[in-house]
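Beneath this line is the structure, given in structure tokens, with notes to follow.
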Amino acid sequence: QVQLVESGGGLVQAGGSLRLSCAASGRIMFRITDMAWYRQAPGKQRELIASITSGGSTNYADSVKGRFTIARDNAKNTVYLQMNSLKPEDTAVYYCNRFVGSTYTWGQGTQVTVSS
């Protein structure tokens, strides 16, 4: 079993910043696992917004490119999402999970709310 615990969400005004963290534990070889951040807005499907390979290569959805930065700390089994210039349309529950292959059991996510 793999446990994923997201944190760092909150309420922020448009233009503000937040840094999300996701700690992975259990039966995972984190340093060789490609990871990603996903989000799910009310009434919408969960979407992939950023990924990072085991080697550190990153990729972003067009909607967050230039504003969000994904990073990882293999020593801490943690993946981060730095979110800048937040917009009301970024309001969603944010999750992390594996990027390639079957996803692990989803964590509870962390709520991000951006007010206009």
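Following the working numbering, the residues of the sequence shown are numbered contiguously, the last one being 147. The beta carbon of each residue, even a glycine, is placed where N, CA and C say it ideally should be. Since the structure is predicted, the reported quantities are computational estimates derived from the model, not experimental observations.
Buried versus exposed, by CB contacts within 10 Å (16 or more), residue i
i          : result
residue 60 : exposed
residue 82 : buried
residue 55 : buried
residue 70 : buried
For residue i, the residue or residues it bridges with in DSSP
i           : result
residue 135 : Residue 135 is not bridged to any residue.
residue 161 : Here the chain has residues from 32 to 147 only, and residue 161 is not among them.
residue 130 : DSSP lists no partner for residue 130.
Pairwise C-alpha distance: residue j and residue i
i           : j           : result
residue 146 : residue 131 : 33 Å
residue 95  : residue 58  : 31 Å
residue 88  : residue 138 : 24 Å
Residue range of the beta strand (DSSP E) that includes residue i
i          : result
residue 72 : That residue, residue 72, is in no beta strand (DSSP E); it is neither H nor E in DSSP.
residue 64 : Here residue 64 belongs to no beta strand (DSSP E), and DSSP marks it neither H nor E.
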